[in-house]
Structures are given as C-alpha cells and as structure tokens.
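Since the structure comes first, as structure tokens, the remarks are kept for the end.
In our numbering, the protein residues as written are 28 to 188.
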C-alpha cells in the first residue's frame, strides 16, 4: 500500500511533468486552452488538488509531444515516439464499449481473468476485430456487442479464462 509520503512524492513528480508539458506547449494558459480545460482546472492540477483524466493526459501528450506514460509515471522515454499515432486514432467510445462488453460477457459466464496482461490482450483483440468489421462493412453498423456474440469470439474469451 502506498503511504502518504510516497503519494506526496508521486504527486510532486506528476506536477513537475505537467509543468514540463505546459512549458513545451507554450505555457500554462496555452496548454489549458489546447487541452480544453479552464485555467483554474490547470492550476488545480499543478497544486495537486486534482489529477487529470486519462483523456486529458492523452491530450496533454498530443500538444506537448511528451509520452503519456511518462507524464503519468515518469518512467520510460519522455518524448513521444513518432510511431505513436495510435494515440490520435484510438476511438475511446469504442474502447469503452469493448471493455464493457467483454467484462459483461466474462461476468455472465463466470470467467475470471486474473492476469491483467491477458485481459488487455483479449480486449485489444476484440477492439481490433470490431475495427476490422467496421472497415470491411462501413454501411453495416458493427458494435462491440455484435462482435461479442460471434461464436468464435466467445470461444476465444472462454479460452482466455
């Protein structure tokens, strides 16, 4: 468990990385405008009163050129790699839908996937299947719920458990 002292140190690290992001994006006012948060909200981030959401971290990374994992943790490369265009193309609504549908199916089947990496791989596979179906049949609405109902997808999820 993380104690108060460790939490304060982590908070200070995040605050410093947010300051670095703001500096690279043109200052606190500029980054607040670019990531669509109020100047007050940005100030709250820098005071440690609140933490940015995952979506906001993604936007901060995009406008500052910093790696989102580095912003959050301070670990890994500081610079966003040029091949990280997935951050721009990630469909957050679709990802939410896939996570919801996978979790709902696993719960209904009584399947528990204890290893987070295995669960991520499963969610990634279903996400990519939905994207592929949407690309191949743009005139037919394809949802995560539709893809989850496919027998081979259900078999895959049962195997993952």
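Even for Gly, the Cβ is constructed at its ideal location relative to N, Cα and C.
Counted as a single uninterrupted DSSP element, the alpha helix (DSSP H) harbouring residue 71 occupies residues 66-74. DSSP, reduced to helix, strand and coil, places residue 78 outside both helices and strands of the structure shown, so it counts as coil.
For residue 184, the uninterrupted alpha helix (DSSP H) run begins and ends at 178-187, by DSSP. Residue range 171-175 is occupied by the alpha helix (DSSP H) that includes residue 174. By the neighbour-count criterion, in which 16 or more other beta carbons inside 10 Å mark a residue as buried, residue 59 falls on the buried side.
Relative to residue 122, the option among 93, 158, 107, 96 whose CA is nearest is 158. Shown here, residue 117 sits in coil according to DSSP, grouped into three states, outside any helix or strand.
Between the C-alpha atoms of residue 125 and residue 151 there is a straight-line separation of about 9 Å. Residue 142 and residue 173 have their C-alpha atoms roughly 26 Å apart. When the beta-carbon positions are compared, residue 88 and residue 79 stay at least 8 Å from each other. As computed with DSSP, residue 93 is found in a beta bridge with 106. Residue 91 sits close to residue 52, with the two beta carbons spaced by under 8 Å.
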